[in-house]
Amino acid sequence: MQNWIDSLIAAGDFGKNPPRDLVYAAFIFALSAVVFLGVAFPFAGIVSWVERRVWARIQSRVGPNRVGPNGSLQWLADGAKHVLKEDVIPDEADPRLFKLAPYLVVLGFVLPWAVMPFSSALILADLNVGILYFTAVTALTVVGVLMAGWASDNKWSLIGGIRSAAQIISYEIPAGMSIFPVVLITGTLSMQGIIRAQEWEPYHWFLFSNPFCFVAAIVLYVSALAEGNRTPFDLPEAESELVAGFATEYSGMRYLLFFFAEWGNMFIAGALITTLYLGGWQAPRLSANPVVMNVLELLSFNVKVLFLVFTSMWVRGTLPRVRIDQMMSLCWKFFVPISFINMIGTAVWVAIWPEGNRVAGYVMFALGVAIAVLFIQRVMYYLRRSRMEMYLHPTI
Amino acid sequence: MSDTAEPTLRTEEMTLNMGPQHPSTHGVLRFVIRADGEVMREAVPDVGYLHRSIEKIAEKVGYHGFMPYTDRVDYVCAMFTNQGWAMACEKLANIEVPRRGEYCRVIATEFNRLASHLLTVGLMGMDIGAMTPFLHALREREMINDLIEELCGARLTFNYMRIGGVAWDLPPGWREKALAYLDHLDPILEEYNALFSYNKICIQRLANVAPISAEEAINYNLVGPNLRACGVKWDVRKEMPYSVYPDFDFDVPIGRGEWGTIGDSMDRYMMRIYEMRESSKILRQALTRMPDGPVLAKVVRNLRPPASECQVRVESARGDQGWYVVSDGTGYPWRVHVRTGSFAAMGIIQKLSRGLMIADLVVLIASLDVIAPEIDR
Amino acid sequence: MEPLQIYERLKGRFGERILETVEKKPDPFAVVDPAALLEICRYLREEPELAMDCLSNETGVDYKDRVEVVYHLFSYLHRHGAVLKVRLPREEPRVATVENIWKSANWMEREIFDLVGVNFEGHSDLRRILMPEDWPGHPLRKDFVEPQEYHGISTVRESPIVRLDQLKDQHKKK
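Residue numbers (our numbering), protein chains in the order written: chain A, 1 to 396; chain B, 1001 to 1377; chain C, 2001 to 2174.
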């Protein structure tokens, strides 16, 4: 990439002797804009439509199916509607904080896309402290949410904002601790480095490399749900208590930005877990052509991440919400000790088997497959027992 | 408390307004909550937003004319209010309802009890955050609504009963449809129960929240499933039987505190699931054993009961409704008063709310099954 | 126990405080002296053979010459009930509250105060419950006249049909 830009400069496309750093920076900006605006925001929009359809099927109804084929343009219609709404700012609200809050929350969602490893060549910035940057930047959401709750000058929003801040800050700890086992195994913080240390076969993923990693992956998934304010942890926007929590006083596009951040966060959380535990973009070596390999890797990454996103939607449609004190006790009394144990266990494991233990990988994989098979069997049992007409046409 | 250990840090209570427009209060209710963070000191209810002076209207429209107004007293369980008013007038004027009419009444009211409990159970799910049970419950309720629409033409405010019986007989083929629906409902109820009620998070949210002891419940005049959840075995249909309920064989479930204490929100919630099973039993018996005959007794159009008064208790889905009617010999009642189950339940919320969290207040209101039109009339 | 037997017991205990026992069908009731109401209620509640532990319904009725408060009592233990009435003068009806005996009376007495205007002495929180706090008058009285406006909002609404006819006439004239 850098060589290509150099060749362009040498060919004189940018005038005589341009400052190299500025040219590089301009390219980076352009590319980031493409990724953020072209991938991140449309993804958040499309996932809102997918979520509504998935929800609707779980709730035995249909979901949006009017705007566009199967309702697939619903998110555009929603976006347009919100943009055209009146921008209401409450009288007593602090206008600067009120306006700034959604942007901070969106920053927290947009910045991690810079280190998203889509494939072996498609990564915007392969920082060698990728994971650290990731966790640091997703914490910006807290500031935004607190700002929104406070600046709304509404006691219910304040409660929502404080609940959310407490929740996100508390669940940072198990999330961070659950990232550690992988870092201990690979010794690097870079996203691409971690993915390269795994291989495409499932039994060589870090998820199955040792039992502590297995538990750590689950803890990470639940903590990621909690950080993204998803049910069962959606107390900050608990509809039945606080109307819309910290976002109550927002209308129009500002309101939608909060929810963009939530939907986009699903992808980011999924990407984090995929990178660390599910082998990232690793795909079988089916051809020597780098373009084909990159496409395969992109597909592999997306399939894994989208599966995790689908699971988040599935969980949202199924479980009720926990109360705030139950959520805090879950975090501090259960997840934090478990993640400490995971960390220490993995450290011991790495000390005993520095090169990794293949046998443990196969055993854990067999266990995982057994659990999945059992689950599917139970689902089929209940499907057969239920006497309703079921039709599995997903795009009705 | 205005002082903490550090004299420079001042804390004070927050006064919140869970206003008349709110997604989770069941109807137009308002609470003024004094809270210390998440924990409430007290939640003072403020009712009256739905007061439509129905009792005064009764004095103006006469005995027959008041029947549609009784639907609006509790629009989720309209059949019970219809029945209460009809029974009060029949008691005053000494009218006897033909047996087939009584069977029609029982069928209609038990279907309404099923519908109302389905709604309550679904709303409880939605209030604690799981939106799916609400939609599944409402799907079943839609089918009941369709059945009742075929029976009496309306889905919500039925105006089906008349003084002396019911307005129309069962349409042809309705019995088979109703029985088929009951066959469909029973396994779905079990499935729904297994999916939602035993969910760990649901139990955590509901168990041990605001338990009410039996003495307190009787003192505050809680009725219906709320009272039975506290362990008091009292059902007007069994103890003071009216209509043809002595013909039927059904149980009266009471709360046993299996997941927490007796009389907590989980018990009140499970009461409704058990009662739905019992209603299904009664309905099957009633539908298979219906006698033939007229459904409406001959009642003179300008009904003038002799000057007296009476009280009638009907076991509605929300508890036993007490209808007190005073007649003065003319064609218009002198005074009509309904004491509904929700009115009594509101009285206890202020006392129970001390020390609960705001999230628990929502669960409490949902478990007491409070409906605003019943409180305000 | 039948209601009439209960009233006989009350008569035996309180004598002429029980002003009369009316054996009307279908529900016989007993009229008691308002000054002795608290004593009688306490007796009804605490006597083991009567054990009226529930105030099932409390109503205020406005007759032309008096205001009555009707108490429907019930016992879950013995499964029997009784009806008590107190007759109060119409100008200044006041009677002692039974809130300390049965907590359910709290809200029911607030409703009677709001709609009929009976003042309950000793009530912990006697304020309007269904009507707005500053509503004038007591709506369930027979001589209640609705105020013409409330806080500037007119309570008299012209019939929309009359208005439509007027509009039609205006158009016809043009």
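C-beta: ideal position from N, C-alpha, C; glycine also.
For clarity, every value in this text was computed on a predicted model and none was experimentally measured.
In this structure, PHE246 (chain A) and GLY160 (chain A) form a Cβ contact; the two beta carbons are roughly 4 Å apart against a cut-off of 8 Å.
If you look at CYS2054 (chain C), you'll find it in the beta strand (DSSP E) that goes 2054 to 2062. Of the residues assessed, LYS2085 (chain C) falls on the buried side of the cut-off, its CB having 16 or more other CB atoms within 10 angstroms. Around the Cβ of LYS1091 (chain B), a 10 Å sphere holds 16 or more other Cβ atoms; the residue is buried. Under the three-state reduction of DSSP, TRP332 (chain A) is assigned to helix. Here the alpha carbons of LYS333 (chain A) and ARG1313 (chain B) stand approximately 51 Å from one another. Each of A:PHE214, A:ASN154, A:ILE195 and A:TYR381 was checked against the Cα of ASN1017 (chain B), and the nearest Cα belongs to A:ASN154. In the structure shown, the three-state DSSP call for HIS82 (chain A) is helix. Per DSSP, VAL1314 (chain B) is one residue of the beta strand (DSSP E) stretching across 1309 to 1316. Within a 10 Å sphere around the beta-carbon of VAL2070 (chain C) sit 16 or more other beta-carbons, which makes this residue buried. Contacts with chain C at 8 Å (Cβ-Cβ) include ILE1218 (chain B). Judged by DSSP in its simplified three-state form, LYS1351 (chain B) adopts helix.
The alpha-carbon of SER2075 (chain C) is positioned some 10 Å away from that of MET2001 (chain C). Of the other Cβ atoms in all chains shown, fewer than 16 fall within 10 Å of the Cβ of LYS2142 (chain C); this residue is therefore exposed. Put simply, of B:SER1367, B:ASP1036 and B:THR1011 the residue whose alpha carbon is nearest the alpha carbon of GLY1224 (chain B) is B:SER1367. Non-local beta-carbon contacts of GLN1021 (chain B) in its own chain, meaning distances under 8 Å to residues more than five positions away in sequence, involve VAL1028 in chain order. Assignment of alpha helix (DSSP H) within the segment 2082 to 2120 of chain C, counting only whole runs of 4 or more residues, yields 2105 to 2115 in chain order.
At least one C-beta of chain C is nearer than 8 Å to the C-beta of GLY1347 (chain B).
Burial is judged here by how many other beta carbons sit within 10 angstroms of a residue's own beta carbon; LEU1156 (chain B) has fewer than 16 and is exposed. When the five nearest sequence neighbours on each side are left out, the beta carbons in the same chain lying within less than 7 Å of the beta carbon of ALA56 (chain A) are those of VAL62 and GLY63, in order along the chain. Taking SER1265 (chain B) as the centre and dropping the five residues before and after it, the same chain places the C-beta of LEU1206, VAL1209, ALA1210, VAL1363, LEU1364 and SER1367 closer than 7 Å to its C-beta, in chain order. Rounded to whole angstroms, GLU1278 (chain B) and VAL1252 (chain B) show a C-alpha spacing of 8 Å.
Spanning the alpha carbons of SER170 (chain A) and CYS1077 (chain B) requires a straight line of approximately 45 Å. The C-beta of GLU1038 (chain B) comes closer than 8 Å to at least one C-beta of chain A. Contact between the segment 1191 to 1202 of chain B and the segment 1316 to 1323 of chain B is absent: fewer than three C-beta pairs spanning the two stretches fall below 8 Å. Counting along the chain, PHE2029 (chain C) sits inside the beta strand (DSSP E) bounded by residues 2029 to 2032. Taking 8 Å as the Cβ-Cβ cut-off, the segment 1052 to 1066 of chain B approaches chain C at SER1053, GLU1055 and LYS1056, given in chain order. Annotation for LEU2010 (chain C): ILE2018 place their beta carbon closer than 6 Å to its own, counting only its chain and skipping 5 residues before and after. When A:GLU199, A:ILE338 and A:LYS85 are compared, the shortest CA-CA separation from GLY176 (chain A) is found for A:ILE338.
Beta-bridge annotation (DSSP): THR2021 (chain C) is paired with C:ALA2030.
Scanning the segment 1074 to 1125 of chain B for uninterrupted alpha helix (DSSP H) segments of 4 residues or longer gives 1078 to 1093, listed from N- to C-terminal end.
Within chain C, no residue has its beta carbon less than 9 Å from that of GLN1285 (chain B); the closest one is some 25 Å off.
For VAL2022 (chain C), the closest of C:ARG2079, C:ARG2110, C:SER2056 and C:GLN2005 by C-alpha to C-alpha distance is C:GLN2005. Residues of chain B with a Cβ closer than 7 Å to the Cβ of ARG2066 (chain C) do not exist, since the nearest Cβ in that chain sits about 13 Å away.
Rounded to whole angstroms, the separation of the alpha carbons of ILE1107 (chain B) and PRO1241 (chain B) is 16 Å.
The Cβ-Cβ distance between VAL1097 (chain B) and ALA1297 (chain B) falls below 8 Å.
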